[in-house]
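Participant: Below is a structure I'd like to ask you about.
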Amino acid sequence: MARAQFSAETSGGGAFVRQPNRFTGRVTPHSASPPGGGPDEQGRWPLEPGRYRLIWCRACPWAHRARIVRGLLGLEDAISLGTVDPIRDERGWRFSLDPDGFDPVLGIGFLSEAYLATDPDYTGRVTVPALVDTYTGRVVTNDYPRLTLDLSTEWRRLHRPEAPDLYPVELRPELDALMAEIHRDVNNGVYRCGFATSQAAYDEAFTALFARLDALSVRLADRRYLMGDTITEADVRLFTTLVRFDVAYHGHFKCNRQKLTELPVLWAYARDLFQTPGFGETVDFEHIKRHYYGTHREINPTGIVPLGPDTSGWTTPHGRG
Numbered sequence: 394m395a396r397a398q399f400s401a402e403t404s405g406g407g408a409f410v411r412q413p414n415r416f417t418g419r420v421t422p423h424s425a426s427p428p429g430g431g432p433d434e435q436g437r438w439p440l441e442p443g444r445y446r447l448i449w450c451r452a453c454p455w456a457h458r459a460r461i462v463r464g465l466l467g468l469e470d471a472i473s474l475g476t477v478d479p480i481r482d483e484r485g486w487r488f489s490l491d492p493d494g495f496d497p498v499l500g501i502g503f504l505s506e507a508y509l510a511t512d513p514d515y516t517g518r519v520t521v522p523a524l525v526d527t528y529t530g531r532v533v534t535n536d537y538p539r540l541t542l543d544l545s546t547e548w549r550r551l552h553r554p555e556a557p558d559l560y561p562v563e564l565r566p567e568l569d570a571l572m573a574e575i576h577r578d579v580n581n582g583v584y585r586c587g588f589a590t591s592q593a594a595y596d597e598a599f600t601a602l603f604a605r606l607d608a609l610s611v612r613l614a615d616r617r618y619l620m621g622d623t624i625t626e627a628d629v630r631l632f633t634t635l636v637r638f639d640v641a642y643h644g645h646f647k648c649n650r651q652k653l654t655e656l657p658v659l660w661a662y663a664r665d666l667f668q669t670p671g672f673g674e675t676v677d678f679e680h681i682k683r684h685y686y687g688t689h690r691e692i693n694p695t696g697i698v699p700l701g702p703d704t705s706g707w708t709t710p711h712g713r714g
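Here this note's numbering runs 393 ahead of the position in the sequence shown, where the first position is 1.
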């Protein structure tokens, strides 16, 4: 069996099994803690504009979701943003993009410092996004699925006027089921292809990935967005995988039945979102390529970053809407 990129997250059968999210606190107006206080007995932190800092990487699809949702809801002034370097080494995510290599608000050089300040015994992989409390330097949450849903619901009183409802109450049962399928087969499915260390595990993930993409193509053939005429959380989650598909997953992760540009409905849908305010301007194709090809040495031992593909097509007319 091939060597695993993340041995602690690889099953005996060679399948990639993503680690659970370690920090699951929530910021909510229902916290029993006073302003400036820590989490209450239920792990709920008080909702306070300007207190929390979202740490993301332009290359990471999970963190990219949070960046997009924060912008769509107009939470830029309520939640500050820190950006880590796309190259992650054995020390983890670092703030080398900032002057002197330290986050200007948290004063740390590595995101792992915030993890260890929260749990000194933490030994898992340090991940983004992470919502960090600027008062204590502790990680509130790295639970990326819950984080963006909370931005839509718990942070509602700080939304900009006319902010979209990305998680409508009446659609939640269908939305939750759809997002679970997209996560299993697409969002995490590309990683299950790329990090598989057995042929059987890869074959299974590859088959499920493209079966789901085919089903999503059918769903989107007669509707503009996944739930109809308006953008929801599901569209954000699918977009961050699709926008990385041809520049990283098709080649690097061997997701190569077709490129996104060869799937007409999904390619038009993805361009439609890319050209929507709040989406395309948050995409950095160079960071994406540098991260995937430069940090997964078990998959790409030379570390060579490809010069292609041509990404100019993202701004061409999409013909939807």
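Even glycine gets a Cβ: it sits at the ideal position worked out from N, Cα and C.
Are the beta-carbon atoms of R650 and W707 separated by less than 7 Å?
Facilitator: Against the sequence shown, residue 650 aligns to sequence position 257. Against the sequence shown, residue 707 aligns to sequence position 314. Against a cut-off of 7 Å, the Cβ pair of W707 and R650 comes out as no contact.
Participant: Do you know how far the Cα of E441 is from the Cα of T695?
Facilitator: Residue 695 sits at position 302 when you count from the first residue of the sequence shown. Residue 441 sits at position 48 when you count from the first residue of the sequence shown. Cα to Cα, T695 sits roughly 46 Å from E441.
Participant: If you drop the 5 nearest sequence neighbours on each side, which residues of the same chain put their C-beta closer than 6 Å to that of I697?
Facilitator: Position 304 of the sequence shown holds residue 697. Within the same chain, I697 has no close Cβ partners at all.
Participant: Report the residue ranges of all alpha helix (DSSP H) runs contained in full by the segment 523 to 567; include only those spanning at least 4 residues, in chain order.
Facilitator: 537 to 546
Participant: Name the two residues that bound the continuous alpha helix (DSSP H) containing L465.
Facilitator: Locating residue 465 in the sequence shown gives position 72, where the first residue counts as 1. L465 -> alpha helix (DSSP H) spans P454 to L465.
Participant: Quick one: what's got a C-beta closer than 7 Å to R444's C-beta in the same chain, skipping five residues either side?
Facilitator: Taking the first residue of the sequence shown as 1, we reach residue 444 at position 51. The answer, listed in chain order, is D526, T527 and Y528.
Participant: If we count Cβ pairs, one from each stretch, closer than 8 Å, do we get three or more for the segment 471 to 484 versus the segment 530 to 542?
Facilitator: no
Participant: How far does the alpha helix (DSSP H) with S591 in it extend, from its first residue to its last?
Facilitator: Stepping through the sequence shown from its first residue, residue 591 is reached at position 198. It is not in any alpha helix (DSSP H) - S591 carries neither H nor E in the DSSP assignment.
Participant: Any contact of the segment 628 to 641 with the segment 454 to 473, i.e. 3+ C-beta pairs under 8 Å?
Facilitator: yes
Participant: For L559, I'd like the list of residues in its chain whose CB is within less than 6 Å of its CB, leaving aside the five on either flank, ordered along the chain.
Facilitator: Here residue 559 is taken as the residue at index 166 of the sequence shown, counted from 1. So the list reads S545, T625 and E626, once near-sequence residues are dropped.
Participant: Does the separation of the CB atoms of L745 and V658 fall below 7 Å?
Facilitator: Nothing in the structure corresponds to residue 745, since the chain is present only between 394 and 714.
Participant: So what's R446 in DSSP terms, helix, strand or just coil?
Facilitator: As a first step, residue 446 is located in the sequence shown; it is residue number 53 there, counting from the start. R446: strand per DSSP, three-state reduction.
Participant: Nearest CA to the CA of R553: which residue from R463, N414, G714 and R713?
Facilitator: Residue mapping note: residue 553 aligns to position 160 of the sequence shown, counting from 1. Nearest of R463, N414, G714 and R713 to R553, Cα basis: R463.
Participant: Using the three-state DSSP reduction, which class does P422 fall into: helix, strand or coil?
Facilitator: Start at 1 with the first residue of the sequence shown, and residue 422 comes out as number 29. Reduced to three states, the DSSP call for P422 is coil.
Participant: Distance, Cα to Cα, A471 vs R446?
Facilitator: For the purposes of this step, residue 471 is identified with residue 78 of the sequence shown, where counting begins at 1. For the purposes of this step, residue 446 is identified with residue 53 of the sequence shown, where counting begins at 1. So the alpha carbons of these two residues sit roughly 9 Å apart.
Participant: Using DSSP with H/G/I as helix, E/B as strand and the rest coil, what is S505?
Facilitator: Counting from one through the sequence shown, the residue named residue 505 turns up at place 112. Helix, per DSSP.
Participant: Which of the three DSSP states, helix, strand or coil, is assigned to Y685?
Facilitator: Working through the sequence shown from its first residue, we reach residue 685 at position 292. If DSSP states are grouped into helix, strand and coil, Y685 belongs with the helices.
Participant: Would V519 pass as a contact of G494 if the rule is Cβ separation under 7 Å?
Facilitator: Start at 1 with the first residue of the sequence shown, and residue 519 comes out as number 126. Start at 1 with the first residue of the sequence shown, and residue 494 comes out as number 101. No; because the gap between Cβ atoms is not below 7 Å, this pair is not in contact.
Participant: Looking at the unbroken alpha helix (DSSP H) that takes in T476, where does it start and where does it end?
Facilitator: Here residue 476 is taken as the residue at index 83 of the sequence shown, counted from 1. No alpha helix (DSSP H) holds T476; the beta strand (DSSP E) holding it covers S473 to T476.
Participant: Have a look at D703 and F638 and give me their C-alpha separation to the nearest angstrom.
Facilitator: On the sequence shown, position 310 is the one that residue 703 refers to. On the sequence shown, position 245 is the one that residue 638 refers to. So the alpha carbons of these two residues sit roughly 13 Å apart.
Participant: Go through the segment 619 to 685 residue by residue and report every complete run of the alpha helix (DSSP H) that reaches 4 residues or more, in order.
Facilitator: Those alpha helix (DSSP H) runs which fall completely within the segment 619 to 685 and span 4+ residues are 626 to 635 and 657 to 667.
Participant: Any idea if L571 is buried or exposed, counting beta-carbon neighbours within 10 angstroms, 16 or more meaning buried?
Facilitator: Position 178 of the sequence shown, counted from the start, is the residue given in the question as residue 571. Buried: at least 16 other Cβ atoms inside 10 Å.
Participant: Could you check how far apart the C-beta atoms of P522 and I448 are, in whole angstroms? I think they sit under 8 Å.
Facilitator: Here the question's residue 522 lines up with position 129 in the sequence shown. Here the question's residue 448 lines up with position 55 in the sequence shown. Contact holds; Cβ gap of about 6 Å.
Participant: Rounded to whole angstroms, what's the CA-CA distance from D482 to T688? Just pull it up for me.
Facilitator: The residue you call residue 482 lines up with position 89 of the sequence shown. The residue you call residue 688 lines up with position 295 of the sequence shown. Distance between the alpha carbons of D482 and T688 is about 7 Å.
Participant: For G494, which of helix, strand or coil comes out of DSSP?
Facilitator: Looking up residue 494 in the sequence shown gives position 101. Three-state DSSP puts G494 in a helix.
Participant: Using three-state DSSP, classify W707 as helix, strand or coil.
Facilitator: For the purposes of this step, residue 707 is taken as residue 314 along the sequence shown, with counting starting at 1. If DSSP states are grouped into helix, strand and coil, W707 belongs with the helices.
Participant: Report the three-state DSSP secondary structure of T511 (helix, strand or coil).
Facilitator: Looking up residue 511 in the sequence shown gives position 118. Helix at T511.
Participant: If I measure Cβ to Cβ from Y686 and keep anything under 8 Å in the same chain, skipping five residues before and after, which residues do I get?
Facilitator: Here residue 686 refers to the residue found at position 293 when the sequence shown is read from its first residue. Closer than 8 Å at the Cβ level, and outside the excluded window around Y686, lie A641, H645, N693, G696, I697, V698 and P699.
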